[in-house]
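FYI, numbering that gives the first Met the number 0 numbers position 215 of the sequence shown as 214, with every residue one higher than the one before it.
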Amino acid sequence: MTEQPFGRFSPNGKQYIIHTPRTPRPWYNYLWNTSHVAIISQVGQGESLSQDAMGNRIPLVAARMLFVRDRDSAEFWSLNGLPNSDNFCCTHAFGYTTITSQHDNVYSKWRVFVPQNDLCEIWTIQLWNGDEKTRRLRLFSCADTLIDGPDKAQAYYMSQGKWDQPAQAATIHADCRFNQQRRCINFITSDQPPSGYDTRQRAFIGYGTWQQPDAVIAGNCHDSACEMEKPLMALQHDLLLEPDQHITINFVIGTVFEEQEILAMRRRYFVEDGVEVALQAVEKAISAELATTTITIDSLPDATIKIKKKNWCIGNKISRYKSPNHYLHTYNFTAFASHWLKRQISLGTQWARVRHNGYRDLMQDIGAMAFFNPTLALTRCERVLTYQYSNGYAPRTWLHGQLLDKDFSDNHVWIPFTIYNLVMESGDVSILQRSVKFNDGSAASIYQHAKRALDYLWADRGLHGLCRIRSGDWNDALNQVGVDGRGVSIWLSMAWLVANEQFCHLAKLVGDEATVAEGVLRSAEMRQSI
Numbered sequence: 000m001t002e003q004p005f006g007r008f009s010p011n012g013k014q015y016i017i018h019t020p021r022t023p024r025p026w027y028n029y030l031w032n033t034s035h036v037a038i039i040s041q042v043g044q045g046e047s048l049s050q051d052a053m054g055n056r057i058p059l060v061a062a063r064m065l066f067v068r069d070r071d072s073a074e075f076w077s078l079n080g081l082p083n084s085d086n087f088c089c090t091h092a093f094g095y096t097t098i099t100s101q102h103d104n105v106y107s108k109w110r111v112f113v114p115q116n117d118l119c120e121i122w123t124i125q126l127w128n129g130d131e132k133t134r135r136l137r138l139f140s141c142a143d144t145l146i147d148g149p150d151k152a153q154a155y156y157m158s159q160g161k162w163d164q165p166a167q168a169a170t171i172h173a174d175c176r177f178n179q180q181r182r183c184i185n186f187i188t189s190d191q192p193p194s195g196y197d198t199r200q201r202a203f204i205g206y207g208t209w210q211q212p213d214a215v216i217a218g219n220c221h222d223s224a225c226e227m228e229k230p231l232m233a234l235q236h237d238l239l240l241e242p243d244q245h246i247t248i249n250f251v252i253g254t255v256f257e258e259q260e261i262l263a264m265r266r267r268y269f270v271e272d273g274v275e276v277a278l279q280a281v282e283k284a285i286s287a288e289l290a291t292t293t294i295t296i297d298s299l300p301d302a303t304i305k306i307k308k309k310n311w312c313i314g315n316k317i318s319r320y321k322s323p324n325h326y327l328h329t330y331n332f333t334a335f336a337s338h339w340l341k342r343q344i345s346l347g348t349q350w351a352r353v354r355h356n357g358y359r360d361l362m363q364d365i366g367a368m369a370f371f372n373p374t375l376a377l378t379r380c381e382r383v384l385t386y387q388y389s390n391g392y393a394p395r396t397w398l399h400g401q402l403l404d405k406d407f408s409d410n411h412v413w414i415p416f417t418i419y420n421l422v423m424e425s426g427d428v429s430i431l432q433r434s435v436k437f438n439d440g441s442a443a444s445i446y447q448h449a450k451r452a453l454d455y456l457w458a459d460r461g462l463h464g465l466c467r468i469r470s471g472d473w474n475d476a477l478n479q480v481g482v483d484g485r486g487v488s489i490w491l492s493m494a495w496l497v498a499n500e501q502f503c504h505l506a507k508l509v510g511d512e513a514t515v516a517e518g519v520l521r522s523a524e525m526r527q528s529i
């Protein structure tokens, strides 16, 4: 099982190495900081976007394409590994992705990562001439953007594309809503002077395709501005590589709100080792976040999972769980569970499922993070609790500057589950007394946030004393069962029962005997109703 037809884990399990550009479906790596996320497939495709605290979003990248053209033969090829590539390899790693390939004795390596703080992604492109002759090449680097929405026949595109000479950047200026900002700039800039650019999709793609853009076929960009047309961001670089010569070019593709911020990013990253230092900071932060737990399994056939955790409230411990050996393989399971599962959980604690900020999704993953990093999980829990209503209800999501309730009933039940995990895994009961705001600005202890969530569900019961489902519980497909307030959910009632019993444990820890007594009676009643 270690030698898969499409790829494999690296020996330390922290990388996944893909051998072919043609996987069954796009295999994505997620790269993110608190305000920007980039999704990149094994051939460099995927989107990136920025988001503020209320879910207002600025689309940055909708597609990434790189081409090299031989200026002598006019032959060109893609560095994405499309449509075909020799010696293709994609490595998805913590915090970055690299794509390497080779064509006509020119070897390429393309790396993408998201730095810790800025609203951007950084590309590093390395080319090596493995030929015995000098190669005159032209590099085309293109990022499509949805800042004006998708390409439609009758769309109105209100952005403006132009060249920013001081910043050496192709820029797209557009309206936005992001924190207090109402105007933004998407841009691409590089640490080597370009020989051309385009900001208009019709100029670069023309009547060609993303695999064969007109500009690449013709051999040059058009230095195009863009007004009331579909924009993109493209640069061209002329390169002269002697035999065995290497060249490295760094790019920043990002979003800012003032032109001088592009210059600030250039100063930050386009200094000696600036890009490498930024990537090292990302890797260090990820390592610190995930390195609190290791998971291994004994050799087959009698597989036993061993989970070693640091800083448990009950002390260091190795837990053993018997598992069916036909579902496990030592190498793959250890790599996934010790590394990539935790990385995926971390994404969920900040970006939910990326498409929107699902309250349930965030709380579930924060509760899972409590098992390997309860300190960081607490910080992220406190952020999500600020979106809860003071009556205990929690919204379905927030997006485009609004809380969206969607009449769901299960979002708030995850609050006591998560808080219980935080206390049990950290061993710190004082967590419950920390004050956190509700979405109306009022504040209460974390303990009260959990209690109000349970009280809200208890008060919102219907037929047979069960919790009302309204427009949805954990099963999103059941969205028409209780829209009139009559339908009830056995699942949600069972979830409430477990959460209530866990909360009674917390109440006992803080000496709230009245709530314990009330909770015991409620549990007995709900159990009977179920």
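Quick reminder that beta carbons are idealized off the backbone N, C-alpha and C, glycines included.
Being a predicted model, the structure only gives us computed values, none of them experimental.
Sequence-distant residues of the same chain with beta carbon closer than 6 Å to ARG469, five excluded per side: Position 470 of the sequence shown, counting from 1, holds the residue named residue 469. These residues qualify, in order along the chain: ASP406, SER408, GLY481.
field: Spatially closest choice to PHE382 from SER77, LEU402, VAL435, by CA coordinates
entry: Residue numbering aside, residue 382 sits at position 383 when the sequence shown is read from its first letter. With the sequence shown as reference, residue 382 is identified as Arg, and Phe is not the correct amino acid for it. When each option's Cα is compared against that of ARG382, the closest is VAL435.
message: For a quick check, are the C-beta atoms of GLY43 and ASN79 less than 7 Å apart?
response: In the sequence shown, counting from the first residue as 1, residue 43 sits at position 44. In the sequence shown, counting from the first residue as 1, residue 79 sits at position 80. Yes, Cβ-Cβ distance for GLY43 and ASN79 is below 7 Å.
query: Which first and last residues belong to the beta strand (DSSP E) in which SER345 is found?
result: Here residue 345 refers to the residue found at position 346 of the sequence shown. Premise fails: SER345 lies in the alpha helix (DSSP H), 340-350, not in any beta strand (DSSP E).
- request: Starting from the C-beta of ALA37, find all residues in its chain whose C-beta is less than 6 Å away, skip the five residues before and the five after it, and write them out in chain order.
  value: What you label residue 37 is simply residue 38 of the sequence shown in a count that begins at 1. Counting only Cβ-Cβ distances below 6 Å, and skipping sequence neighbours, we find LEU30, SER47, VAL113, GLU120.
task: Report yes or no: do three or more beta-carbon pairs, one from the segment 213-222 and one from the segment 82-96, lie closer than 8 Å?
output: no
- prompt: For SER425, is the classification buried or exposed, using 16 other Cβ atoms within 10 angstroms of its Cβ as the cut-off for buried?
  reply: The residue labelled residue 425 in the question sits at position 426 within the sequence shown. Buried.
field: DSSP state of THR247 mapped onto helix, strand, coil
entry: Position 248 of the sequence shown, counted from the first residue, corresponds to residue 247. Three-state result, THR247: strand.
- request: Tell me the start and end of each unbroken alpha helix (DSSP H) in the segment 175-253 that is at least 4 residues and wholly inside, in chain order.
  value: With a minimum length of 4 residues, the continuous alpha helix (DSSP H) runs that stay inside the segment 175-253 are 200-203, 213-217.
query: How many whole angstroms separate the CB atoms of HIS411 and ALA351, which I take to be in contact at a CB cut-off of 8 Å?
result: As a working note, residue 411 is residue 412 in the sequence shown. As a working note, residue 351 is residue 352 in the sequence shown. Rounded, the Cβ-Cβ distance is 16 Å, inconsistent with contact.
Sheet register partners of ILE98 (DSSP bridge): Within the sequence shown, the letter at position 99 stands for residue 98. CYS89, TRP109.
query: Hey, is the segment 280-295 in contact with the segment 365-372, meaning 3+ C-beta pairs nearer than 8 Å?
result: yes
- request: Please report the Cβ distance between LEU496 and ILE529, rounded to the nearest whole angstrom; I am assuming they are in contact, meaning their Cβ atoms lie under 8 Å.
  value: By 1-based counting over the sequence shown, the position of residue 496 is 497. By 1-based counting over the sequence shown, the position of residue 529 is 530. Rounded to the nearest angstrom, the Cβ distance from LEU496 to ILE529 is 7 Å, consistent with a contact under 8 Å.
- request: Whole angstroms is fine: what's the gap from ARG68's alpha carbon to LEU126's?
  value: Sequence index remark: in the sequence shown, residue 68 carries index 69 (1-based). Sequence index remark: in the sequence shown, residue 126 carries index 127 (1-based). So the alpha carbons of these two residues sit roughly 12 Å apart.
query: Quick one: what does DSSP say GLU524 is sitting in, helix, strand or coil?
result: Walking along the sequence shown from the start, residue 524 turns up at place 525. If DSSP states are grouped into helix, strand and coil, GLU524 belongs with the helices.
Expected contact under 8 Å - CB spacing of GLY54 and ASN356 to nearest Å: Sequence index remark: in the sequence shown, residue 54 carries index 55 (1-based). Sequence index remark: in the sequence shown, residue 356 carries index 357 (1-based). Going by Cβ atoms, the distance from GLY54 to ASN356 rounds to 5 Å, so yes, they are a contact pair.
task: Can you tell me which of the three DSSP states PHE538 falls into?
output: The shown model of the chain, from 0 to 529, leaves out residue 538, and the question about it has no answer.
message: Need the endpoints of the alpha helix (DSSP H) that PHE416 sits in, please.
response: Numbered from 1 along the sequence shown, position 417 holds the residue referred to as residue 416. Where PHE416 is concerned, the enclosing alpha helix (DSSP H) stretches over 413-425.
message: Between which residues of its own chain and ALA202 is the CB-CB distance below 6 Å, once the five residues before and five after are set aside?
response: For this step, residue 202 is matched to residue 203 along the sequence shown. Closer than 6 Å at Cβ, skipping near neighbours: HIS221, SER223.
message: Can you check which of these residues, SER522, GLN343, ALA513, ASP103, is closest to TRP76 by C-alpha distance?
response: In the sequence shown, counting from the first residue as 1, residue 76 sits at position 77. Of SER522, GLN343, ALA513, ASP103, the residue nearest in Cα terms is ASP103.
Buried or exposed by the 16-neighbour rule on C-beta atoms within 10 Å, applied to LYS533: Because the chain is modelled from 0 through 529, residue 533 falls outside the range shown and cannot be assessed.
- prompt: Hey, LEU361 and THR348 are a contact pair by Cβ (cut 8 Å); roughly how many whole angstroms apart?
  reply: Within the sequence shown, numbered from 1, the residue matching residue 361 stands at position 362. Within the sequence shown, numbered from 1, the residue matching residue 348 stands at position 349. Indeed, because the Cβ distance is near 6 Å, the residues count as touching under 8 Å.
query: Where does TRP26 sit, in a helix, a strand or coil, going by DSSP?
result: For the purposes of this step, residue 26 is taken as the residue at position 27 of the sequence shown. DSSP places TRP26 in coil when its eight states are reduced to three.
task: Please name the residue, chosen from SER72, LEU81, VAL60, LEU59, that lies closest to PHE66 on a Cα-to-Cα basis.
output: The residue labelled residue 66 in the question sits at position 67 within the sequence shown. Among SER72, LEU81, VAL60, LEU59, the Cα nearest to that of PHE66 belongs to LEU81.
message: Looking at MET227: is its Cβ nearer than 7 Å to the Cβ of TYR156?
response: Counted from its first residue, the sequence shown places residue 227 at position 228. Counted from its first residue, the sequence shown places residue 156 at position 157. Yes, Cβ-Cβ distance for MET227 and TYR156 is below 7 Å.
query: So, are the CB atoms of ILE261 and ALA168 less than 7 Å apart?
result: Stepping through the sequence shown from its first residue, residue 261 is reached at position 262. Stepping through the sequence shown from its first residue, residue 168 is reached at position 169. It is a contact, given that the beta carbons lie within the stated cut-off.
query: Counting pairs of Cβ atoms below 8 Å between the segment 184-204 and the segment 231-250, do you hit three or more?
result: yes
- prompt: Between which two residues does the alpha helix (DSSP H) harbouring ARG382 extend?
  reply: Translated into the one-based positions of the sequence shown, residue 382 becomes position 383. Looking at the DSSP string, the run of the alpha helix (DSSP H) that includes ARG382 is 373-384.
CA-to-CA distance, VAL215 to ALA62, given in whole angstroms: Reading the sequence shown from its first residue, position 63 is the one you call residue 62. Reading the sequence shown from its first residue, position 216 is the one you call residue 215. Distance between the alpha carbons of ALA62 and VAL215: 16 Å.
- prompt: ASN128 lies in the beta strand (DSSP E); which residues open and close that run?
  reply: The residue you call residue 128 lines up with position 129 of the sequence shown. Residues 119-128.
Buried/exposed call for TYR320, threshold 16 Cβ in 10 Å: Residue numbering aside, residue 320 sits at position 321 when the sequence shown is read from its first letter. Note that TYR320 scores a pLDDT of 42, beneath 50, so its modelled location is shaky; the value from the coordinates is reported in the next line. Looking at its Cβ environment, which holds fewer than 16 other Cβ atoms inside 10 Å, TYR320 is exposed.
- request: Apply the 10 Å Cβ neighbour rule to LEU520 and answer buried if 16 or more other Cβ atoms are within range, or exposed otherwise.
  value: Numbered from 1 along the sequence shown, position 521 holds the residue referred to as residue 520. Answer is exposed; the Cβ neighbour count stays below 16.
- prompt: Quick one, which of ASP272, ILE418, GLU282, GLN211 has its alpha-carbon nearest ALA501's?
  reply: Within the sequence shown, residue 501 is the residue found at index 502, counting from 1. The residue you asked about is not Ala; residue 501 is Gln in the sequence shown. Measuring from the Cα of GLN501, the nearest candidate turns out to be ILE418.
task: Could you check the C-alpha separation between ASP213 and LEU375 for me, to the nearest Å?
output: If you number the sequence shown from 1, residue 213 lands on position 214. If you number the sequence shown from 1, residue 375 lands on position 376. Cα-Cα distance, rounded: 49 Å.
- prompt: Nearest to GLN17 by CA position, among GLY6, GLY160, ILE204, is which residue?
  reply: Working through the sequence shown from its first residue, we reach residue 17 at position 18. The sequence shown places Ile at residue 17, rather than the Gln named in the question. Nearest of GLY6, GLY160, ILE204 to ILE17, Cα basis: GLY6.
task: Going by CA-CA distance only, name the one from GLN244, PRO165, TRP209, THR247 that's closest to GLU257.
output: Against the sequence shown, residue 257 aligns to sequence position 258. For GLU257, the nearest C-alpha among the options comes from PRO165.
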